[in-house]
Structure formats: C-alpha cells, structure tokens
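Undergrad: The structure's right below; bear with me while I get my questions together.
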Amino acid sequence: MLSADIRRRFIDFFRERGHQGVPSSSLVPESDPTLLFTNAGMVQFKRVFQGQDVRPYKRAVTCQKCVRAGGKHNDLEQVGHTDRHHTFFEMLGNFSFGDYFKKDAITFAWEFVTSPKYLGIEPKRIRVSVHHSDDEARKLWREIAGLADDRIYGLGDKDNFWQMADTGPCGPCSELHVDLRENGRGRDDVVALDDFVEQTEAGLFLEIWNLVFMQYDRQADGTLNPLPAPSVDTGEGLDRTTSVIQGVRSAYHTDLFLPLLRRAEEVIGKRYGGANVDGMRVVEAAELTPSDVSFRVLADHARAVAFLLADGVYPSNEGRGYVLRRILRRAVRHAYLLGRRSPTLVELVDEVATIMGEPYPELGRRREHLRDVTRAEEERFLETIEGGLVRMAELTSVSGEEAFRLYDTFGFPIDLTQIIADERKMPVDVAGFEKLLDQQRARSRAARKAGAGAQSNSSGPAVRRKRGEGWQKNKLRLRQRWVGYDETAVDTDILAWRRTDDKVGLLLRDNPFYAESGGQVSDVGRVFADSFSVAIDEVRKEDGKTAVFGPVVEGEFEPVEVRAEVNEPRRRDTERNHTATHLIHAALRKVLGTHVHQAGSVVSPEHLRFDFTHHQPVGAALLGEIEREVNAHVWEGREVLTEEMKKDDALKLGAMSLFGEKYGDIVRVVTVPDVSIELCGGTHVRTTGQIGLLKFVGESGVGSGVRRVEALTGPGAFAWFADQNRLLNEAAAKLGSTPEHLARKVEALSEEQRKLQKRVEELIKGGGAAAANVAVENGTSIAVSNTPTGDRNEIGAMVDAFRSKTPSGVTVIFATGDRPGIHVGVTDDLVARGVTAGDVVNRIAALTGGKGGGRPHFASAGAGDASRLGAAEAQAGDIVREVLRARPAGASTS
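When we follow the numbering used here, the leftmost residue of the sequence shown carries the number 587, and every step to the right adds one.
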C-alpha cells in the first residue's frame, strides 16, 4: 500500500463517518505569534478549541503538513541520524468539537488501524498507552478492542497528558503503538511497563497515533475545571504509519522518501547504503555511514524547503526565514560532504514538486519559484562554505569570536557550526557568540534609527534635544490632538514655542501636519495669524508630540491663536502614492507569490518607491501584469476604509504588517475591500479612484533577495505620459513621420542602415571605394583611391585589408565626404626601409595646406583646403615614388 493510499483511505474513512474534510492550513500559522510553524493538525483549530471561533461543522478530518525545526519543537539535529526524525511530515487527524468523545475516538481508531478494509494491522501487534489516571480510557480499550489489561500501559503526564499552553484546554491522551519486534511480526508475550518504555525509546514499539481527550480547562493556579463540551484532537503520523504498512523500519525506506534518495543518487553519482541491490539496499540506523546520513538529510530537507517556500517563507536572517536558511545551508553542507560543488538540493526540491504535487497543488503552481530560490541560496552559500570549512579545520576549539566570524563572514548558522564542531569533538562558546550577535543587532538598530532621523525633510541635520529643552510654554494644561486624518486646515492654539536658528518651532494644540513615519514624508504648509506667517518646512516628533518648524516670512511672530494649513495639493499627491503602495503590495503577492513582503518604502508627493522580498528581477512582462492589476483596482474606485482596533484582532483578520516596525496594542488598519488589508498610520485617499493612474518607471535590485519598484501616480503619471508623448512627436518630426507611423519609419531606416553597413563592409574588404591609380614600382604596389566615408576606423580597416593582401606597397586614400582628409598605409617591409606613413601623408597634405601624423604603418592628415584634394590626388603617386627612391631596397632605419 502506497502512502497516497493511506492518506486517501484515512480521509475517506472519516468523511464516511460525518467528518468535514478540511484542507491543510499553511505552514505559517495564521495570527499565532506563539508558533514559528504549524507543527500539528490541531493548530488551525486552536481558536475553535478555545471557544473563540465557531465552525459550521462539529467533526473534521485533515491531512496537515507540519514542520518541526526551530522553536520549542526542533528535530533538526536528529534528522538523518535516526529512522523517524524529520523536519517536514504529514499529520493525519480527526477532530471533534464538543461532539463525540473517548468512546467514538477509540472505536474509530481501532477500526481504521486493524480492519483489512483500511490499514489491516494485526491486532496482536497493537499496544496502547493511556494516562495512569484515565480508567475510562483503559476500560474502553478493553471493551472495544478486546485488549488484555497487560497490553494497556498507564503512563504519567510527560507521555500521556496534553495541554495547549500553561493554561487553557487540556486532557489525557492515549497512544497506539505497533510492535516491530521479530522483524515486524510482533509477539504475544507480556511486556512489563518499564520494559515497554525502554523498548519504545529503542524503537521496538512505534507510536503511530495519539488520541487527545480535551476535557479540562487548566487555571493559572493549576486547577483542572471540566470543560462544558469535551473535544477530541488526534494525530496519526503518515510517515510512521507508512513504514509499518510497507514493512520497513525506517520512514526513509518508504515511498515518501525513496524517490528522493534515488534522485540524489543520480545527481551526486554515489550510492546510498553503499550498494544498489534491487534498486536500493535497506540501511538500518545502526549501520549508517556518514554518507548515508548526508543522503537522508538531503531527502528530508528537500521536502521542508519545498513546502516552506511554497507557503511564502523566504530565506532571511530573521525568524522563519532564518530557520529556512539554516535548513538549506545544512543540506548544502551535506551535499558538499558527498563531493558536490554545485547546486544539488534544487533537483530534489523539483522532485518533491513532482511526487507530492497532486495532494499539494501549491507545489506545482510555484515550481519555478521553488527552483529559483533554492538554486540562488545554494550558489550563495557555496561561494563561502569552503572558506568556512577550511577555517574550522584549523581550529581546536571554537571561541565566541570564531563562531561569530563563521556566521558573519562565511554564513554558518551557529547550529551548523555546533554540528561540525561536535563531529570533531570541539567545544563552542555559544554564549560568547550570542553576545557578539546581540551587539551587532544593537549596532544595526542604532544605525537604522540614525538613518531614519537623517531622512527628515529638514534642511539641516536632525538634532536630539533634552526633554522640553528651549520650549516656552503657552497653554500648560492642554494636550495636543492629531487631526490630520480628517482636516488639513484648522484654527488652533499654540501650546509651546521656541526659536531655533532662523526658524520658529511650534507645538500646536490641534495638529494637522503629518510627521515622517512608515516611509511617508512630512507635510509642509503654513501657520499664520493677522500679524505674521510661518512657512512650515519641517515636521518632526519631539518628546511624544509633533513639532512644526519654519521661518517667519511675514510680520513678527507672537504666540496667539493661529490658522494651521497643510499644503493640500502636496498632501493629496502623497496620499495617492501611499495608497498605491498598498495596491502594489497586494498585486506583487498575487502575481509573484505570497513570499513577497514589504521591505521598506518611500512615499512622497513626487513619486513612490517600494522595496520587497523577491529573488530575481521582475521582467517587463510581469511588471506590466502587476501594473495592470493595480490600475484595475484604481479604476474600480474602491472605497479605502480605516479603523482602529486591537493589534491581535487586526492580525486575525489577516492584516499585513511591516517587518521590524513596532506597533502598539491599538493599531490603525487600512483596508481596500477584497484587495488589501494592512497596519498603517499614514494618510490615504478616500477611494482608489482618486489615485487616477499608476505608472512604473523603474525596477532594480537593492540587496540580496530584495527588489525595488518606483512609480508615479495621478498628476505625476500624467506628466510622465505627456513628456513621453512630446518626445515621441519630436522624434517623429525629425524623421519626417507621425507618431503612429514612427515604428515603421524606424524599421525602414534600420533596414537601410543595415544595407549601407553591408556595402561599407564590402568596400572595406575590397580595400577601398574607388581605386583611381594602382601601379607597381620595382615590385612595390602604389594604390591611390578615394572614399566618401570620413570614419577613421573604417578607413583603418581599409588600410589593414590592403596591408594583409599586399606583400609590399603604399596605399593613399582620400576622404572626400563630410570629413575631408588624407590617409596613408605602408606595409612592414617598407617601414623597415625607413618609409613611414607619416612622412608620405605630410608631403601629400602640404599640397592642400594641411598636415597630420600617426604611426609608421598608418597615418592621417586633414585637408587645409578641401578644394585642392583633387590636385593632390593627381600628384600622390609621384610623391610616393620619390619617397621610395629616397629609401631604396637594402636601406635600413638602423
């Protein structure tokens, strides 16, 4: 029975028993900051079990993709060395939300595992564990399965009590174990509790299914209160179950992994297990060689990499992306140990998409993305891995400084350094490494903070002042209010003021001016009263308030009631560009994939810039598709909604947040219905139609895995098109055409140019345009010709052609076109006699009043009077003869 059959039979079994089939959720848990990755089938139902979500069904069945690498559940270091530790695996599960409980859960499990219609495992091979206090479950196993009491083992909280967190739903669980002794046939002997635990740890009893009975609500003080609606959460490992059904001790020897191991053999050119009997020899864990471990790591990690990339995780140095990068680099290192010096994992990732694309179609849809990112990461690490391995070979221990150098210079994650060091029995100063890494992060944060301050729209450097420094208080008991979302002009009081250089600074009670944040630049405008006016050209945060600054351009400032006005056209242009970045973000994720995340932006009235995670340039065709997607939403005139809510609630709605940005408990959510939902404190248009038009004007790379697009909207986009139209009309006019016929005109001119170029090449190959006089003087050829071209490179090619075809001779070429001149070429034998091109060309050029120079074998001269070139051409042959007679054969320059 194949793994696909087991997967299908499990789903069908529970559907027939009233369970709703639910697709696997993403490996990235939705709105759950407590988990790096989905690591069990119940994760997508967590809120249902907690009573915070209600589904239209009471029973569910899933085959959930899971990853355990990083965080609390981390099997990474064991992968490859054991038969059953994996980074990626599939968990079959059936769930009851306050519907059935222990009796039905045990009945379903026993029937599916033992019935010949489903798995057909012999009942005598099944052993069961329960919580030592769960007499009800023990009794049910005896009644339903007919198991003798000595085949039911009561274990403690560590093994048979499950809880979601320190508080909340929890309960005892019951595990099904298959006896693998006697080569998988099992025995009927009585096994004592201690022996069962020991043999389970040794792998002789294999747990394949865990039935969790959630019946309590654990309180902060440890009290267990009964749940009003007890539930069931089960998990059956597909890889483990498949190994039992296919009669092998290791999941690596099931059809889930064998195709990947075979593909690895093809790519690497070596055998897994050191033999190739009947396709592949089965290798027991105790017999594993280092090469076998490397093959297993590659097969396992290819699955994890493929599925993580398909679910939008992108390699990086933070969070989930860092775990993915660790997995990738661990695989590269094992391929390297097998002798590979070029990308290897990419081929196995492609194989994963082939063999698992039917149950998980996202692998097929994103196949090219999986290949491209994997290959790029492999190539990047291969550039440095050798230097890192060489450095580690030189060490006897790994200090914190060395571990950090391996990380910073060679790209070695600390766990990879630890693995290699452990193989060589070397200690690693992890604490020292972490200290240096924290220092580097602190420096990066400080640099970002300083950079953000430097990007103020101030005309001078940002200045950090002490709390309240220099401010003259005016309205002591009033607080500042931000009114800029709704108002761009307001009558208000001045809370405080100060003079700074040639400007005045103001704290306004009702402030409509936006201070630069989240990529959006600050507003400008004016603050004025009857007696004065201040031109606001700088807005910044000071001590939690927004301060505005500018020179007094009229009258004399005094702290009275004022009118504050934001430059509204400028604000509206900024809003167009800001809302457009949200539409761009959504379109990028739709067209390129959900791995795209915002990596920074600049929103100004003139243009927008949007940085995002992506591994390769976005070609013109894709960029055009993204542009069309954005403009479609612009022209739909969708309403742009804003709402404040708790951050957790916003994230549950699927709101996107900017990586690295700090948010409070209450956040502002900007939504374009059915298109985009993001956490954002900036200002926006009221409908997408106000954007008018978006035009991309640039796409480039700004770092490893980060691309940038630049765009214009509204008036800026219109001005761009107007300018392009002007240029098009000017070009058409110069070519005697119209814009609509310009392409055909250019094509015709290009064809004419190609013909002329071909003719010039033919003339060059022939040695000249028109050979007027060719004579031979004592074995030396004298060629005098003229050509309409004045291009010295083309004439040089004519001279080279003459010199290559002529054993001994002088060529004189008169250029008669726009650049009149005289050019002379001399063969090497004559140069050896002292006949130089410079001497000849100057003698001839003197007849026109010109002069020149050059190398001995090729020289040029300008025509002083172009009208005299004809007379000079007529005398050129005689002048060459005179020079030759002055340097007869046998003469030398020595």
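Beta carbons are placed, not taken as given, at the ideal position from N, Cα and C, and that holds for glycine.
1. Taking C-beta to C-beta, are P1259 and R1224 nearer than 8 Å?
2. Hey, out of G1376, K1437, D1415, whose CA is closest to D1404's CA?
3. Name the one or two DSSP bridge partners that G823 has.
4. Per DSSP, what are the beta-bridge partners of C649 in this structure?
5. Following the continuous beta strand (DSSP E) through Y802, name the residue where it begins and the one where it ends.
6. Threshold first: 4 residues or longer. Then list the alpha helix (DSSP H) segments lying entirely within the segment 933–957, N to C.
7. Under DSSP, the alpha helix (DSSP H) around D922 begins and ends at which residues?
8. Let's see if you can read the secondary structure: which residues bound the beta strand (DSSP E) around Q1184?
9. Taking the alpha-carbon positions, what's the F1282 to L813 distance?
10. Helix, strand or coil: which one does DSSP assign to Y858?
11. Are I1263 and L1280 closer than 8 Å when you measure CB to CB?
12. I believe L1416 touches V1396 by the beta-carbon criterion, under 8 Å. Please report the beta-carbon distance rounded to the nearest angstrom.
13. With 16 as the cutoff for other CB atoms within 10 Å, does E963 come out buried or exposed?
14. Which residues mark the beginning and the end of the alpha helix (DSSP H) in which T1165 is found?
15. State the beta-bridge partners of K1232 as determined by DSSP.
16. If you follow the alpha helix (DSSP H) that I1263 is part of, which residue opens it and which one closes it?
17. For L923, I'd like the list of residues in its chain whose CB is within less than 8 Å of its CB, leaving aside the five on either flank, ordered along the chain.
18. With a cut-off of 8 Å, do at least 3 Cβ pairs link the segment 1224–1233 to the segment 1306–1320?
19. Are R961 and V932 touching if we call contact CB-CB under 8 Å?
20. Give the DSSP-derived three-state secondary structure of S611 in the structure shown.
21. Given G1435, which residues of its chain have a CB within under 6 Å of its CB, disregarding the five upstream and five downstream residues?
22. Out of K725, F698, S611, F782, state which residue places its alpha-carbon closest to the alpha-carbon of R713.
23. Hey, how far is the Cα of G1210 from the Cα of L1178?
24. Quick check on T1167: buried or exposed, where buried means 16 or more other Cβ atoms within 10 Å of its Cβ?
25. Can you find the residues in the same chain that come closer than 6 Å, C-beta to C-beta, to G1046, ignoring five residues on each side of it along the sequence?
26. Under three-state DSSP, which class holds P1047?
27. In its own chain, which residues sit with a C-beta less than 7 Å from the C-beta of A1172, not counting the 5 before and 5 after it?
28. Could you give the distance in angstroms between the alpha-carbon of G1246 and the alpha-carbon of A1185?
29. Using a threshold of 8 Å, state whether the C-beta atoms of V776 and G740 are closer than that.
30. Across which residues does DSSP place L992 in a beta bridge pair?
31. F990 and M800 - do their beta-carbons sit closer together than 8 Å?
32. Expressed to the nearest angstrom, what Euclidean distance is found between the alpha-carbon atoms of S611 and Q650?
33. Do the segment 943–957 and the segment 974–991 meet, that is, are 3 or more Cβ pairs less than 8 Å apart?
34. Would you mind sorting G732 into buried or exposed? The rule is 16 or more other CB atoms within 10 Å of its CB.
35. Express the C-alpha separation of T828 and L588 in angstroms, rounding to a whole number.
36. Using C-beta distances below 6 Å, list every residue in its chain close to E793, excluding the 5 sequence neighbours before and after it, in chain order.
TA: According to the structure data:
1. Position 673 of the sequence shown, counted from the start, is the residue given in the question as residue 1259. Position 638 of the sequence shown, counted from the start, is the residue given in the question as residue 1224. Yes, they are a contact pair.
2. Within the sequence shown, the letter at position 818 stands for residue 1404. Ranking the options by Cα distance to D1404, first place goes to G1376.
3. Sequence index remark: in the sequence shown, residue 823 carries index 237 (1-based). According to DSSP, residue pairing for G823 in a beta bridge involves M677.
4. Locating residue 649 in the sequence shown gives position 63, counting from the first residue. C649 pairs with L678.
5. One-based indexing of the sequence shown puts residue 802 at position 216. Unbroken beta strand (DSSP E) run through Y802: 791–804.
6. Qualifying alpha helix (DSSP H) stretches, in chain order: 948–951.
7. Within the sequence shown, residue 922 is the residue found at index 336, counting from 1. It should be noted that the sequence gives Tyr, not Asp, for residue 922. Y922 -> alpha helix (DSSP H) spans 905–923.
8. Against the sequence shown, residue 1184 aligns to sequence position 598. Segment 1184–1189, the beta strand (DSSP E) holding Q1184.
9. On the sequence shown, position 696 is the one that residue 1282 refers to. On the sequence shown, position 227 is the one that residue 813 refers to. Distance between the alpha carbons of F1282 and L813 is about 57 Å.
10. If you number the sequence shown from 1, residue 858 lands on position 272. It is helical.
11. Position 677 of the sequence shown, counted from the start, is the residue given in the question as residue 1263. Position 694 of the sequence shown, counted from the start, is the residue given in the question as residue 1280. No, Cβ-Cβ distance for I1263 and L1280 is not below 8 Å.
12. Numbered from its first residue, the sequence shown carries residue 1416 at position 830. Numbered from its first residue, the sequence shown carries residue 1396 at position 810. With 8 Å as the limit, L1416 and V1396 qualify as a contact, their Cβ atoms being about 7 Å apart.
13. Residue 963 sits at position 377 when you count from the first residue of the sequence shown. With 16 or more neighbouring CB atoms inside 10 Å of its own CB, E963 falls in the buried class.
14. The residue given as residue 1165 occupies position 579 in the sequence shown. Per DSSP, T1165 belongs to the alpha helix (DSSP H) from 1154–1178.
15. Taking the first residue of the sequence shown as position 1, residue 1232 is located at position 646. Per the DSSP secondary-structure output, K1232 pairs in a beta bridge with I1252.
16. The sequence position of residue 1263 within the sequence shown is 677, counting from 1. Counting along the chain, no alpha helix (DSSP H) covers I1263; the unbroken beta strand (DSSP E) around it starts and ends at 1262–1265.
17. Translated into the one-based positions of the sequence shown, residue 923 becomes position 337. In the same chain as L923, and ignoring 5 residues on each side of it, the C-beta atoms closer than 8 Å to its own belong to P876, S877, S880, in chain order.
18. Touching, no.
19. As a first step, residue 961 is located in the sequence shown; it is residue number 375 there, counting from the start. As a first step, residue 932 is located in the sequence shown; it is residue number 346 there, counting from the start. Yes, they are a contact pair.
20. Here residue 611 is taken as the residue at index 25 of the sequence shown, counted from 1. Reduced to three states, the DSSP call for S611 is coil.
21. Translated into positions along the sequence shown, residue 1435 becomes position 849. Hits under 6 Å: G1450, D1451.
22. Taking the first residue of the sequence shown as position 1, residue 713 is located at position 127. The shortest C-alpha separation from R713 is found at F782.
23. Your numbering for residue 1210 matches position 624 in the sequence shown. Your numbering for residue 1178 matches position 592 in the sequence shown. Their Cα atoms are separated by approximately 12 Å.
24. By one-based count along the sequence shown, residue 1167 stands at place 581. Buried.
25. Working through the sequence shown from its first residue, we reach residue 1046 at position 460. Only weak support is given to the placement of G1046: the predicted model assigns it a pLDDT of 36, under 50, and the value that follows is read from those uncertain coordinates. Taken in chain order, the list of residues that qualify is empty.
26. Sequence index remark: in the sequence shown, residue 1047 carries index 461 (1-based). Note that P1047 scores a pLDDT of 36, beneath 50, so its modelled location is shaky; the value from the coordinates is reported in the next line. Under the three-state reduction of DSSP, P1047 is assigned to coil, being neither helix nor strand.
27. Here residue 1172 corresponds to residue number 586 of the sequence shown, with the count starting at 1. Excluding residues within five positions, the ones whose Cβ falls inside 7 Å are V1261, S1262.
28. Here residue 1246 is taken as the residue at index 660 of the sequence shown, counted from 1. Here residue 1185 is taken as the residue at index 599 of the sequence shown, counted from 1. Only weak support is given to the placement of G1246: the predicted model assigns it a pLDDT of 47, under 50, and the value that follows is read from those uncertain coordinates. Cα-Cα distance, rounded: 9 Å.
29. On the sequence shown, position 190 is the one that residue 776 refers to. On the sequence shown, position 154 is the one that residue 740 refers to. For V776 and G740, no; Cβs fall outside 8 Å.
30. Your numbering for residue 992 matches position 406 in the sequence shown. For L992, which the question treats as bridged, DSSP gives no partner whatsoever.
31. For the purposes of this step, residue 800 is identified with residue 214 of the sequence shown, where counting begins at 1. For the purposes of this step, residue 990 is identified with residue 404 of the sequence shown, where counting begins at 1. Contact flag unset, no.
32. Taking the first residue of the sequence shown as 1, we reach residue 611 at position 25. Taking the first residue of the sequence shown as 1, we reach residue 650 at position 64. Near 7 Å, if we compare the C-alpha coordinates of Q650 and S611.
33. No, the segment 943–957 does not touch the segment 974–991.
34. Position 146 of the sequence shown holds residue 732. Classification for G732: exposed.
35. Looking up residue 588 in the sequence shown gives position 2. Looking up residue 828 in the sequence shown gives position 242. Each residue's Cα considered, the two are about 7 Å apart.
36. Within the sequence shown, numbered from 1, the residue matching residue 793 stands at position 207. So the qualifying residues of the chain are E761, H763.
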